[in-house]
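From first to last, the protein sequence lines are chains C and S.
According to this note's numbering, the first sequence is numbered sequentially starting from 1.
According to this note's numbering, the second sequence is numbered sequentially starting from 1001.
Where a beta carbon is used, it is the ideal one built from N, C-alpha and C, also for glycine.
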Amino acid sequence: MSRAVAVVGVGQTHHASKQPDVNCAEMVRIAIDKALLDAGLSHEDIDAIVLGKAPDPLEGIMQPEQYLAGALGAHMKPIIRVHTAGSVGCTTALTAATHVASGLYGRVLTVAFEKQSEGNAMWALSPNYAFTPPMVAGAGGFFAPYCRAYIMRSGAPSHIGAVVAANARENAGRNEHAHLREPITVEDVLASPMLWDPIRFLETCPSSDGAIAIVMANEELAKKGPRKPAWLKAGATFTEPMYVPGRDQVSPLAGRTCAKHVYAKAGIKDPWNEIQVAEFYVPFSWYEPMWLENLGFAPLNEGWKVVDRGDQKFGRHLPVNPSGGVLNTNPIGASGMLRFGEAALQVMGRAGEHQVPGVKTALGHAYGGGAQYFSIAILSTEL
Amino acid sequence: MSKLRNVAIVGFAQAPIVADDPHRTAPEMLYPVVKQALKNANVERKDIDYQCAGSSDYIDGRAFSFSQVMEVMGAWPPVQDSHVEMDAIWAAHLVWVKMQAEECDTAIIAGFGKVSEGSPMHVLNLQLDPFYHASLGLDHVSTSALQASAYMAKAGVDDAGLAEVAARNRAAGAKNPDTQLRQAVSAAELQKTPFVTSPLREGYLPPIGETATCLVLAAEGKAEKMCDKPVWIHGVDHRIELQTIGARDLTSSASTKLAAKNAFAMAGVKGVNDAQVVELGSTTPVEELILRDALGLSSGLGGKADGPVVNPSGSPLCANPLMNTGLLRLAEGFRQLSGRAGERAVSGAKRAVVHASAGHCLQQNIVWVLGTERRWA
C-alpha cells in the first residue's frame, strides 16, 4: 500500500433480530453518529463514503445508497456501493482503505448494514441459478455438506461444533452490542434440533438487524485524532469460481492465497504466534476449525484440535471471535465489517469487556458466496 | 493538483445490445466479451492483476448474481477481485483509485445486466425511498417526466426542442454499429410518437436493452504495450445528491457541476470546450439539456453546433443496457480518441469529456476527462 491508512473511529448499533423502532436510514445513522463521535469528527470532515451490504432483496431496496444518501451524509460527496456476498463488510472496509491509500481522499467514512427483519433471508439466500438444482435451503443447506466433508477428512469428533457454539456464546456475553448473549452449554447445543446435518439450531447464526460505521484517515490526519488509531498493515480480497472442477470447498484456495498475501505484506511469518486476536467469519460452528486451518493458524485437518484444547478461548493463546462473532450477531452485510471493526477496537485497546490484553496485531476476516469470496485485514498498534 | 499516476484505457469489448437475448444467461453473454477485451488489449488473463464487475441483483432477478460470473472472468486460480452494485463505470473508477494506491497495474472491468429477466419500470421503482416515493408507484419514466416538466417550464423549451435533441441522437446512433437503435428518425416523426408519461414521448426514451461489456485499464509502463493508442485518464470525480425528488432542484445538476469542476481541475483544463468530444449519459432529451448546462455547453437547440461534438454514439437514447450504460460512455471516449470510432469518428479529437449517471433524475454523476497524451510527466 502506497500510503498508511488508520482506523480512527468505530461505531455500531446494538444488534437484534428486529429493530422495530428504526428504519434502514435511522439504523445506519446511529452507527455513523457513534463512529464520528468516536473519531471526534463531523460530516464535513469526510471526503468520501463507501457503503457495503449483501443482496438488495434482503430489504427490498435497490441500490440503497441512493435512498440513503442523506442518512449517510453523502450529499455532494462521492459514494460507492460494494457487494461481494458475505465478505462484503470486510471488503467494503478495505475499499475505503484503498480510497485513503490513493492519496485522493483524506478521511473516508465506511458503513455496512443489514436489516434482515425487512425481508426473508432464507429466500434471498436461495437464489436459482441456471443449470443448477434449486436448493431452497439457505446458507446452512449450502454449507452443511462442506462441514460434513471437513469432519470426514479431518476425523474431527462430533462435539467440536458444539464446543465452538458454546464458547462463542460465552464471548458474546461480554459484548454489549451482541444479538444473542444468554449463556448456553455444550449439552444445550447438542440437544438442539438438527437443521442441516451436521449443523444444529444452536450452531447457526441468527438473522440480525444492525449496522457498523468506521472512519479511516491518512497518517497526518490520524495523528491529529483524539485517540490512538489502529493502523492497517495489510488487506486483500481474493475470489474463486463456485464450480471450478477440483476446487477444494472445505479449505478454498482463494482463502489460503488471500491469507498468504496479507501475511507477506504485513511481514507475518508465524500467524499463530504473531497475531494476538482474530475475528473470523463463522456463521456455522464448524467454520471455526475450518478457518483456523485455511488461514494458517493450524496445520491441515488439525484446526479442531485447537478447539478441543480450548486454545482459541478468551484468555487463552489466540482468542477467536472474542466479540461472540457471526454465530451470535449476523446482520449479513455488516458482519464482515464487524470483524474488521472488532479487530481495530482490539488493537486500539477499546473493545470493552471483551478486550484481549496486550494486543499488538489483530486479524479480521470475512468470506462469502459459495465459500469463494475472501477478505482479510491485518491491524496493528504500530504504523 | 498533485501529480497522479497515469492510467489508460487499453481495450474494450461489448456484446450486441438487444432487447432480449433469449438464448444466453448473463455469464454466457459476458464470456466472449471478456475474451475479446483481453485479445484487444494483447494480454492474457494471467497477466491481469485485478478484476471488478458492476451489476445489480435486482436487474438480474436473483441474489448474488455477480458470483456467477467468476468462471467467465477467469478467476481461477483465485484472483484479486471486487464488485460494485452500480453501473460498471463506477467499477472503472474504483479500479482507477486502486491504481492510484498502487495496489494494481492492470485490471479488467466487467459490466452485465440481464434486463430482460424483469420489467425495468417495476424494478427501478425499488430504488426510491420506500416510504415516500416508491409507494406512490413512481418509476424512472415518471420521475424523469416530473423533471422534464420542471425544466421545460423554467427554460422555455417545448416539445419541438425535445424532439430536436432526440432526433440528433438518433441520427448519430445510425452511424454507430454497436448501438441498439440504428435508424435516423426526424424530429417531426418523433413528435408523433405517443406519450409514455407526459411530456416524455416514446421517441424521447431509450429502448429496453441488455448487453455485457468489458474494459481493460492499465497503468503507465504497461499500458503502452497493450494498446497502439492508449487513452489516458486526465481527471475524474463523482458526486451524489439527496434522492428526495421534492428536496432538490430537478432542473439543474449540482452534482454534475461539482464533479466536472473537480475533474477539470485534475485534468488541468479550463472547461468542457477544451475537449473535442463529449459523451453524456443522458436517458432523456431533458437530461441532455440539463447536463449541457451543468458542463457549460450550449444547448445546441435550433441547429446550433458550436463547441465539442456531443454524443457521437447516439447516447443512451439509442441504447440503455442498464449497468452497462455508463461504461459504454467511457468506451465511446476510448473509441473516439484511439481511432476506433469508425464512421462516426470526430476528426482531430485529442480530448474527451465523458459523463455517466445513476439513480432517478440524475441523482449521482461521474465526469471523466480523457486524452490521447499522458497527463502527468
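Beta carbon proximity, residue i to chain C, threshold 9 Å
{"i": "L1205 (chain S)", "result": "no"}
{"i": "I1290 (chain S)", "result": "no"}
{"i": "G1268 (chain S)", "result": "no"}
{"i": "W1232 (chain S)", "result": "no"}
{"i": "R1344 (chain S)", "result": "no"}
{"i": "Q1243 (chain S)", "result": "yes"}
{"i": "V1123 (chain S)", "result": "yes"}
{"i": "E1224 (chain S)", "result": "no"}
{"i": "L1258 (chain S)", "result": "yes"}
{"i": "L1317 (chain S)", "result": "no"}
{"i": "Y1058 (chain S)", "result": "yes"}
{"i": "R1375 (chain S)", "result": "no"}
{"i": "E1287 (chain S)", "result": "no"}
{"i": "R1045 (chain S)", "result": "no"}
9 Å Cβ cutoff, residue i in contact with chain S
{"i": "M331 (chain C)", "result": "With the sequence shown as reference, residue 331 (chain C) is identified as Pro, and Met is not the correct amino acid for it. No, its Cβ sits nowhere closer than 9 Å to a Cβ of chain S."}
{"i": "Y389 (chain C)", "result": "There is simply no residue 389 (chain C) to check, as chain C begins at 1 and stops at 383 in what is shown."}
{"i": "A366 (chain C)", "result": "no"}
{"i": "E114 (chain C)", "result": "no"}
{"i": "H14 (chain C)", "result": "no"}
{"i": "H75 (chain C)", "result": "yes"}
{"i": "Y146 (chain C)", "result": "no"}
{"i": "C205 (chain C)", "result": "no"}
{"i": "H83 (chain C)", "result": "yes"}
{"i": "Y281 (chain C)", "result": "no"}
{"i": "I80 (chain C)", "result": "yes"}
{"i": "L379 (chain C)", "result": "no"}
Among the options, the one whose alpha carbon lies nearest that of residue i
{"i": "P1016 (chain S)", "options": "S:A1275, S:A1319, S:V1007, S:L1136", "result": "S:A1319"}
{"i": "A93 (chain C)", "options": "C:A334, C:M348, C:L41", "result": "C:A334"}
{"i": "P1019 (chain S)", "options": "S:K1350, S:G1209, S:L1280", "result": "According to the sequence as given, residue 1019 (chain S) is Ala; it is not Pro. Minimum Cα distance to A1019 (chain S) is reached at S:G1209."}
{"i": "M242 (chain C)", "options": "S:R1329, S:A1160, S:Q1100, S:F1066", "result": "S:F1066"}
{"i": "K1257 (chain S)", "options": "S:A1187, S:I1108, S:D1081, S:H1355", "result": "S:H1355"}
{"i": "H1234 (chain S)", "options": "S:H1023, S:A1148, S:G1307, S:H1093", "result": "S:H1093"}
{"i": "A1305 (chain S)", "options": "S:G1333, S:T1211, S:E1164, S:R1239", "result": "S:E1164"}
{"i": "Q276 (chain C)", "options": "C:F113, C:A254, C:L379", "result": "C:L379"}
{"i": "W1076 (chain S)", "options": "C:V244, C:N321, C:F314, C:G296", "result": "C:V244"}
{"i": "V250 (chain C)", "options": "C:P134, C:V164, C:Y367", "result": "C:Y367"}
Same chain, Cβ closer than 6 Å to residue i, neighbours up to 5 away in sequence not counted
{"i": "N1042 (chain S)", "result": "M1226"}
{"i": "W291 (chain C)", "result": "F280"}
{"i": "R1170 (chain S)", "result": "A1184, V1185"}
{"i": "P1027 (chain S)", "result": "Q1068, V1069, V1072"}
Contact under 9 Å by Cβ, residue i with residue j
{"i": "A1172 (chain S)", "j": "N1311 (chain S)", "result": "yes"}
{"i": "G11 (chain C)", "j": "I212 (chain C)", "result": "yes"}
{"i": "I32 (chain C)", "j": "L125 (chain C)", "result": "no"}
{"i": "E293 (chain C)", "j": "H365 (chain C)", "result": "no"}
{"i": "A1218 (chain S)", "j": "A1008 (chain S)", "result": "yes"}
{"i": "E1343 (chain S)", "j": "K1175 (chain S)", "result": "yes"}
{"i": "L392 (chain C)", "j": "A137 (chain C)", "result": "Outside the modelled stretch of chain C, which goes from 1 to 383, sits residue 392 (chain C), for which no answer is possible."}
{"i": "Q19 (chain C)", "j": "G210 (chain C)", "result": "yes"}
{"i": "T91 (chain C)", "j": "G119 (chain C)", "result": "no"}
{"i": "T239 (chain C)", "j": "A254 (chain C)", "result": "yes"}
{"i": "A222 (chain C)", "j": "A6 (chain C)", "result": "yes"}
{"i": "R1351 (chain S)", "j": "D1274 (chain S)", "result": "yes"}
{"i": "A1155 (chain S)", "j": "L1289 (chain S)", "result": "yes"}
{"i": "L1205 (chain S)", "j": "V1196 (chain S)", "result": "yes"}
{"i": "V1369 (chain S)", "j": "V1236 (chain S)", "result": "yes"}
{"i": "P193 (chain C)", "j": "S158 (chain C)", "result": "no"}
{"i": "V1272 (chain S)", "j": "V1278 (chain S)", "result": "yes"}
{"i": "E1117 (chain S)", "j": "A101 (chain C)", "result": "no"}
{"i": "G325 (chain C)", "j": "R316 (chain C)", "result": "no"}
{"i": "A1349 (chain S)", "j": "T1372 (chain S)", "result": "yes"}
{"i": "L318 (chain C)", "j": "V306 (chain C)", "result": "yes"}
{"i": "G370 (chain C)", "j": "G89 (chain C)", "result": "no"}
{"i": "C147 (chain C)", "j": "Y373 (chain C)", "result": "no"}
7 Å CB neighbourhood of residue i in its chain, flanking five on each side removed
{"i": "S207 (chain C)", "result": "S17, Q116, A121, N330"}
{"i": "N1365 (chain S)", "result": "H1238, R1239, S1253, S1255, T1256, A1259, H1355, S1357"}
{"i": "V1346 (chain S)", "result": "Q1276, V1277, V1309, P1312, Q1336"}
Same chain only: Cβ atoms within 8 Å of residue i, ignoring 5 sequence neighbours per side
{"i": "Q1014 (chain S)", "result": "V1033, D1178, T1211, A1212, T1213, C1214, N1324, L1328, A1331"}
{"i": "T95 (chain C)", "result": "V50, G52, I80, V82, T110"}
Positions along the region 98-111 of chain C whose CB lies within less than 8 Å of some CB in chain S: T98, H99, A101, S102, G103, L104
Residues from the region 1078-1108 of chain S in contact with chain C, defined by Cβ distance under 7 Å: P1078, V1079, Q1080, D1081, S1082, H1083, V1084, E1085, M1086, W1090, L1094, V1097, K1098, Q1100, A1101, E1102, E1103
Residues, ordered as in the chain, of the region 1017-1031 of chain S that lie near chain C by beta-carbon distance below 7 Å: T1025
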